[in-house]
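Have a look at the structure below, then the notes.
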Amino acid sequence: AADLSVIKSVNETRPNYGDLVKWTLTVRNNGPDMASGVNVSDILPVGLVYQSSSASVGSYANGVWSIGNLANGKTVTLSIVCKINKTGLIKNVASVSGNEFDIDLTNNRGDASVNVAKAADLEVIKTVNNGAPNYGDLVKWTVTVRNNGPDVASDVVLTDVLPAGLVIKSATGNFVDGKWVIGSLDSGKSQSFEVVTLVNKTGSLTNKVSVVGREYDYNPKNNNASKGINVAKAADLSVIKSVNETRPNYG
32 AADLSVIKSV NETRPNYGDL VKWTLTVRNN GPDMASGVNV SDILPVGLVY
82 QSSSASVGSY ANGVWSIGNL ANGKTVTLSI VCKINKTGLI KNVASVSGNE
132 FDIDLTNNRG DASVNVAKAA DLEVIKTVNN GAPNYGDLVK WTVTVRNNGP
182 DVASDVVLTD VLPAGLVIKS ATGNFVDGKW VIGSLDSGKS QSFEVVTLVN
232 KTGSLTNKVS VVGREYDYNP KNNNASKGIN VAKAADLSVI KSVNETRPNY
282 G
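My numbering numbers the first residue of the sequence shown as 32 and each following residue consecutively.
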């Protein structure tokens, strides 16, 4: 007979979406005899993507840790590193078995859980209809925000404060003080807005936009976008003509 036990733990119980977490399995033979044919089943649930593993003895493959023989009083460990790709509660369960009669089955199963906060990757893109306008021209800027998920994004605010040299003439949506308050945006959905501006400065002008939301954003690199225009030098030349005598005589 051999009383096999397994304990599972995790290094971070509240990881963010996209984080790496390490699960540790500890298997012990409480005796009284040597255990043979010892295997641990640890099939990763949806939301955990296998990255790597390290076992003190045996090997881990296809959800099974093959230990083989385990002497009385001996303890072995396995570490599994996974990437989180789901939000909410994720429970990871392991169970151990061997060839010998197990006098206590209550400790043959171990589990640990992580609770992943909601996440939404907000992405913003900015384009302009004319990259080389003249002084006094009207240019149209288009701003598109997209939620790449996995969850609904809430309290979404898009900020587009125009630089000196661009005078707003019109805008779609509720554009107030350089901001669109979008609110909620479903995963996989996008919204686009347009701003028409008058160019009243020459040289290089850069228009920047940014987006934020309430949920954890695992890819902040795409939360900002910018687009530039290059306005050629301009000069308003005027001419005035006058004459010293408006009613001269012939000759």
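Note that the Cβ used here is the ideal one computed from N, Cα and C, for glycine as well.
Below 8 angstroms, too few C-beta pairs join the segment 224 to 238 and the segment 267 to 275 to call them touching: fewer than three.
SER85 sits away from VAL107, with the two beta carbons spaced by 8 angstroms or more.
Nearest to ARG59 by alpha-carbon distance, out of LEU109, VAL226, LYS258 and VAL155, is LEU109. Taking the Cβ atoms as the reference, GLY141 lies roughly 5 angstroms from ILE38, within the contact range of under 8 angstroms.
Burial of GLU246 is indicated by the presence of at least 16 other C-beta atoms within 10 angstroms of its C-beta.
Residue ranges of uninterrupted beta strand (DSSP E) with 3 or more members, entirely inside the segment 230 to 278 and ordered along the chain, are 234 to 243 and 255 to 262.
Residues of the same chain with a CB within less than 7 angstroms of the CB of ASN42, apart from the 5 flanking positions on each side, are VAL52 and LYS53 in chain order.
Out of SER83, ALA125 and ASN100, the CA that lies nearest to the CA of VAL71 is found in ALA125. In this structure, the straight-line span from the alpha carbon of LEU35 to that of LYS117 is close to 32 angstroms. The three-state reading of DSSP puts LEU120 in strand, counting E and B together. Going by beta carbons, THR190 and LYS210 fall inside the 8 angstroms limit. Inclusion of ASN165 and VAL262 in the CB contact set at 8 angstroms is warranted, their separation being smaller than that value.
Nearest in C-alpha terms to LYS122, of all of ILE134, ALA143 and ASN139, is ALA143.
Nearest to ILE260 by alpha-carbon distance, out of SER218, VAL145 and ASP168, is ASP168. THR44 carries a coil assignment under DSSP once its states are collapsed to helix, strand and coil. Around the Cβ of GLY219, a 10 Å sphere holds fewer than 16 other Cβ atoms; the residue is exposed.
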